[in-house]
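First the structure, in the form of structure tokens, and then the observations on it.
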Amino acid sequence: MYRYGTVVVLGLAVLVGVVVAAGGLFERRLQEEPAAPAGTASVQAAARPNVLIILTDDHPVRKDFYSVMPETMRIFREGGRHYTNGVATTPICCPARTSLFSGQYVHNHGVIGNVAPGRFKPTRTMQRELRAAGYYTAISGKFLNAWNASPPDFDKWAMMLGQARYSNVDFDVNGTVINQPGYTTTVIRDHALRFLDEFEVADDAKPWFMQVSPLAPHGPATPEKQFTGVPVPVWRDNPATSETDLSDKPAYVREQGVAKRATQVFRSQQARTLKSVDVMVAALFEKLTALGEAEDTLAIFMGDHGHMLWEHQLRGKKYPYNQTIRTPFFVRWPGHMAPGSVSSDIVANIDVAPTVYEAAGVTPSYVVDGKPLGSPPRQHILVEYLANDQTQPNYQGLWTPSWEYLRYRNNTRFPRIETTDPREYYGPNDPWQLNNVYGDGVAGNEPANQAELDAMVQRASTCTGADCP
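Take 1 as the starting number for the sequence shown in our numbering and just add one per residue.
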């Protein structure tokens, strides 16, 4: 087949973006990679890519998880760029996914937790903007928790209804509720493959945007029958899972009481669910190759956020630590990103929408907080949790790969945190975040520039647009 333009594929166990206009990724790529043949740059810059986002659920950055996904790693890591500092600015499902769709921080888009997606503003999304710009739009899999209406601004959809089941799940398929008894990752794969065929038949020259969002490796992490009991890498402790002294952590962390053995079993089951995701990714790219699209496709693979697996004796998300904030982030775009390349830039879910807008030549009708991939590197990024949870305090802070500074905020269900545990600070010699040195009684341990950091957090906590980190 022949398509005018190029194709963009994004995968969300790893958030990745693409930029083709002057500035941004395209300009930096010209500095990093061999020059293209004469006469090709203007064609590439003017192209309208298709966009495919593959977004996994509760997917931490772990070598053992990468090892069970050889096809995904071949396609995305060997065939594209690995962003080693990919993050979710709010590590919980609905807020993180809305940040992906919108390119905005939670304090601007307003979806603060999983229970009330009614705050979701469908007018501020990639699917709305791209559809208005002449794109087909589609989604297969998970949209937002507790969202029971058809997802807005998609031409085609197969949306999971209800959450956290791996088989016998109801799907809203283009407005009709259908019970799908099969394994959900396989069902989601098959709908996505069908949508690609339907786009091809309907109008081969029209670009499309599609998100493919399996439940894996979210709990209960039930493997597909063919992968039940298959060997996975053995559990290996790291300094954070070996931590026994939690006296430096806030009381809400010390009180969790999670069982380590149950977490080890859960981790093995998560790894097995990712084997089905690997099969899905391979099938999608086999289809793109058959349709003649693989070499013209920008692909992003990422997780919506990470997950604690007994680091600091915690299990779950929401927490302000590396294992929930970091997420896989890979981008594949032949001719634009060197195969096997690695970037240490801080990139985030809020960068996906602005990256896609720049690649597609779309000026959004609202203000985005993120930046296209390839923009001047950040020095830090805001992380925040504002859900007013009765078991988890609100927080906002600054994150970098080498240090993190957090300020806790009171909420009506957790009213004492600013008095008892107002801050956490992990310095540059503590990559596993074992020693919160704020308030430890050791002279000089607090950051020397604490007043400046407090002011930076305050500015970031209400920032909009270009003023955001």
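Cβ coordinates follow ideal geometry from the N, Cα and C atoms, glycine included.
Could you work out which residue in the options is closest to residue i when comparing CA atoms only?
| i | options | result |
| --- | --- | --- |
| ALA282 | ALA271, ALA294, ASP237 | ALA294 |
| PHE471 | TYR385, LYS63, GLN392 | The structure shown does not extend to residue 471, since the chain spans only 1 to 469, so no value can be given for it. |
| TRP310 | ARG261, TYR405, TYR438, SER150 | ARG261 |
| VAL106 | PRO207, VAL383, TYR425 | VAL383 |
| ASN85 | HIS305, TYR426, TYR425, ALA460 | HIS305 |
| PRO431 | SER402, ASP454, ASN449, ARG459 | SER402 |
| GLN313 | SER268, LEU246, ALA353, LYS275 | LEU246 |
| THR183 | TYR357, LEU196, VAL169 | The question names Thr, yet the displayed sequence has Tyr at residue 183. It is VAL169. |
| ALA88 | THR324, PRO122, TYR366 | THR324 |
| ARG423 | THR400, THR412, ASP454, ASN411 | ASP454 |
| THR125 | VAL367, GLY441, MET308, HIS307 | VAL367 |
| ASP57 | ASP190, ASP64, GLY219 | GLY219 |
| VAL279 | GLY162, GLU446, GLY374, ILE188 | ILE188 |
| ASP190 | ASN145, MET159, GLU129 | MET159 |
| LEU284 | ILE92, LEU196, ASN108 | LEU196 |
Decide if residue i is buried, meaning its Cβ has at least 16 other Cβ atoms within 10 Å, or exposed.
| i | result |
| --- | --- |
| ILE75 | buried |
| ILE178 | exposed |
| ASN555 | Only positions 1 to 469 of the chain appear in the structure, and residue 555 is not among them; the question remains open. |
| THR327 | buried |
| PRO364 | buried |
| PRO469 | buried |
| GLN211 | buried |
| PRO339 | exposed |
| VAL230 | exposed |
| VAL61 | buried |
| VAL347 | buried |
| GLU255 | exposed |
| PRO376 | exposed |
| ASN50 | buried |
| LYS225 | exposed |
| VAL115 | exposed |
| ALA359 | buried |
| THR228 | exposed |
| PHE26 | In this prediction, PHE26 has a pLDDT of 41, which is less than 50 and means its spatial position is unreliable; nothing more can be read from the coordinates. |
| LYS63 | exposed |
| ILE112 | buried |
| PRO223 | buried |
| ARG416 | exposed |
| GLN180 | buried |
| ASP172 | buried |
| GLN379 | exposed |
| ASP421 | buried |
| GLU78 | exposed |
| VAL201 | exposed |
Given this structure, state the Cα-to-Cα distance separating residue i from residue j, to the nearest angstrom.
| i | j | result |
| --- | --- | --- |
| GLY193 | VAL277 | According to the sequence provided, residue 193 is Leu. The question's Gly does not apply to it. Looking at the two C-alpha atoms, the distance is approximately 14 Å. |
| THR464 | MET456 | 14 Å |
| ILE53 | PRO233 | 27 Å |
| ASP345 | GLN264 | 31 Å |
| PHE120 | ALA149 | 12 Å |
| ASN322 | ALA387 | 19 Å |
| GLN433 | THR244 | 13 Å |
| LEU298 | HIS82 | 13 Å |
| VAL352 | ALA443 | 42 Å |
| SER213 | ALA448 | 43 Å |
| GLY316 | ASP389 | 14 Å |
| GLU71 | LEU274 | 11 Å |
| ALA164 | GLU452 | 42 Å |
| ALA460 | VAL342 | 28 Å |
| PHE199 | GLY175 | 18 Å |
| ARG407 | GLN396 | 6 Å |
| TYR319 | GLN458 | 20 Å |
| PHE209 | GLU418 | 43 Å |
| VAL68 | TRP235 | 13 Å |
| ALA271 | ALA221 | 8 Å |
| VAL437 | GLU286 | 50 Å |
| THR90 | GLY370 | 13 Å |
| ASN238 | PRO250 | 21 Å |
| ASP296 | PRO354 | 20 Å |
| ASN445 | GLY439 | 8 Å |
Using DSSP bridges, identify the partner residues of residue i.
| i | result |
| --- | --- |
| GLY397 | VAL383, LEU406 |
| ILE75 | Its beta-bridge partners do not exist; DSSP assigns none. |
| ASP190 | None; ASP190 has no bridge partner. |
| TYR177 | Going by the sequence as given, residue 177 is Val instead of Tyr. BP columns for VAL177 point to ASP172. |
| ALA158 | SER140, VAL173 |
| VAL51 | PHE209, LEU298 |
| PHE414 | ASN411 |
| GLU424 | LEU406 |
| THR56 | GLY303 |
| SER167 | TYR183 |
| ARG81 | VAL331, SER341 |
- Query: Fully enclosed by the region 281–364, which alpha helix (DSSP H) runs are 4 residues long or longer?
  - Reply: Counting only runs of 4 or more, we get 322–325, 352–360.
- Item | Uninterrupted alpha helix (DSSP H) stretches inside the region 84–143 (no shorter than 4 residues) | If we require 4 residues or more, the alpha helix (DSSP H) runs fully inside the region 84–143 come out as 93–102, 106–109, 126–132.
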